[in-house]
Structures are given as structure tokens and as C-alpha cells.
Amino acid sequence: MTQWAIGDLQGCHEEFVRLLERLDFKPECDELWLAGDLVNRGPGSLECLRHVKALGDSVRVVLGNHDLHLLAVAEGYGRLKRSDTLMPILDAPDRDELLDWLRRQPLMVTAMIGARRTVMSHAGVLPSWTLDQSVAFAREAETVLSGDHYRDFLGDMYGNTPDLWQEDLSGMDRLRCIVNVFTRMRFIDQDGRMDFAAKEGLGSAPEGYRPWFQYPRPEGAWDDSPRLLFGHWAALEGKTPAARQDAEALDTGCVWGGGLTALNLETGERVFEPAVNA
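The sequence shown begins at 13 in this note's numbering and counts up one residue at a time.
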């Protein structure tokens, strides 16, 4: 079995198909990890969603901010933006089946690959969180999203506050902060406070802020020193300069004219499929 991790698809279905062909991916024996944002901005959002769902147990998906945006808009919350390409999903005859499957996907996955633990979320994990805390916080939000009252969360999901994690957060503030860490975080300050305005490269960091992966984890917080896979940040072009955590950036901006990157989780080999219109 070969295990591959791929960054944000964002509706780039043609490139996704070409990359799987290049990898000689076989669903019956290989495994695919997808770092979220399956949909939006690219022309094939519906096709991506259908394709990934059809892969069944051979794929592990985490939710990204664009996936959550789709779920919220589908329930009448939030508004479609001019650049969104979600209407084909919202108008599809299998829309309800696709959306029900999507909202039941996790925010974080973790597994032992060989002798090493690998963790994946869309945007990253706060450096101050232990592995056990990260798993528990992800499960808190996932339980709500997959439960009977998920509409209540989607209706109150949008927002930049609270921007600082505190253990005593409760209710929607707690859930929103957890989801923002896993799906929207880029720059944080030394206290872990998140900035949501800066979205470009490292040079766009506000004063006093750095990428989350440039802060060390507390000693003993992650006992087996796992690697952390993430997408979300196309401006990094798959690189994590000056990282003080073992972090692998997977989003190489296919929807922006870059391409899709697949990482072999055993060998570290990277395979790149350029965007059709690059």
C-alpha cells in the first residue's frame, strides 16, 4: 500500500484526475489523505466532491474553511461570493447526499505510518496544544457538525472572535475558536492569538506575529514528535521556512495557477501536477 497526501483541490478536478493517474493510484490497495478545501474557486467543485466521496475507505479527508462555507451556505447562512463556484453542488440532484457526507468528515486525522505518527488538519494545530488536546478539541466540534443540531453551529460559525484560545471558553465561542484554529489559522503571536487578515506570504505577517509552525511545541507536548500535514496556505508554495515543528505544507495553489502536490507519506517524495491553465 502506498499512502499519499494531497493539498487543497478547490474544485481543480481535471488536475486531480491527472495527478492520480500520475501516481498510479489504486483505491483497492492505496490510501489518499486530502488536506481539506475540496471545493470552491475552481471549475470542478461538484466533480471533486463526487469523486472523493466515491473513493470510500481509501480516502481520509479533513474539512477546510471552503468546505464549511459550502455547508453554511447550503443551510441558508452566509452568502455566496462572486468568486464562489458552489452553485453546481447546490443545484445537484445528489446535493443532500453529498453535503451529509461532507459534514461528517473530521477536522483532524492521525495515524502511525511506519514507526512515526502523522497528523493532518487543514490549517494546522496550535503549538500550545498537546496531541491529546488536539484530538479532543477536534472531536468536540466534529460531534456538533455531525449531530442533529449542526445547523445551530453553521448559523453562528462565521467570525474572528475569540482569536485567542482559552480553556474556559464555552458554547459557540469555544466551537468557533476550535474550528478557526483547524481551518483558518496562519499567523499567531507568542500567546497564540490568531490574525485572520494577513493571507499572503511570510512578508505579510503583522508586527509581533509569525507562522504557527515557527513556534516550538512545549517540551513533551507531542511525545513521539510527529509530522504535521496542512494545506490552506497557497502563498507558502509548499514550503515551511524556519519551521520549529516538523510541518509539511501541501497547498501549492492549483486554483491560482500553481498545481497540485502529492506527498508520499513513507518516502517523502513529492509529485507535482501543474494547473491546466498554468
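Backbone N, C-alpha and C define an ideal beta-carbon position, used for all residues, glycine too.
Being a predicted model, the structure only gives us computed values, none of them experimental.
From what residue to what residue does the alpha helix (DSSP H) around residue i run?
i	result
N276	Note, N276: premise wrong, no alpha helix (DSSP H); beta strand (DSSP E) at 271-276.
M184	183-196
L35	25-35
A66	57-66
L102	99-102
L75	Careful: L75 lies outside any alpha helix (DSSP H) and carries neither H nor E.
Near residue i, which residues of its chain fall below 7 Å by C-beta distance, leaving aside the five closest residues on each side in sequence?
i	result
I101	V51, S57, L58, L61, L82, R107, L110
A123	T130
P286	G271
Starting from the Cα of residue i, find the closest Cα among the options and give me that residue.
i	options	result
S95	N276, G54, L31	G54
T304	N276, E33, G250	Here the chain covers residues 13 to 290 and nothing more, so residue 304 does not appear.
N192	L248, S158, D164, S133	S133
S140	D203, L157, R222	D203
R72	A217, R229, W113	W113
L176	G280, R188, D42, F165	R188
G23	M99, Q15, L44	M99
If we call anything under 8 Å between Cβ atoms a contact, is residue i one with residue j?
i	j	result
A17	A66	no
V74	P118	yes
Tell me which residues share the same chain as residue i and place their Cβ nearer than 6 Å to its Cβ, disregarding the 5 neighbours each side in the sequence.
i	result
A259	F225, L240, T252
F284	G271, T273
Could you pull the start and end residues of the beta strand (DSSP E) that residue i belongs to?
i	result
P286	282-286
L157	Element bounds for L157: not the beta strand (DSSP E) but the alpha helix (DSSP H), 143-157.
S133	128-133
F242	239-242
W16	15-18
L46	43-46
So is residue i buried or exposed if we call it buried at 16+ other beta carbons inside 10 Å?
i	result
H161	exposed
A86	buried
G183	exposed
A254	exposed
S237	exposed
N77	buried
G34	The residue you asked about is not Gly; residue 34 is Arg in the sequence shown. Flag for R34 reads exposed.
S146	buried
G136	buried
By Cβ distance, which residues of its chain are closer than 8 Å to residue i, with the 5 residues on each side in sequence left out?
i	result
L262	A17, I18, G19, D20, A47, L241, F242, G243, G250, T273, L275
G213	A247, L248
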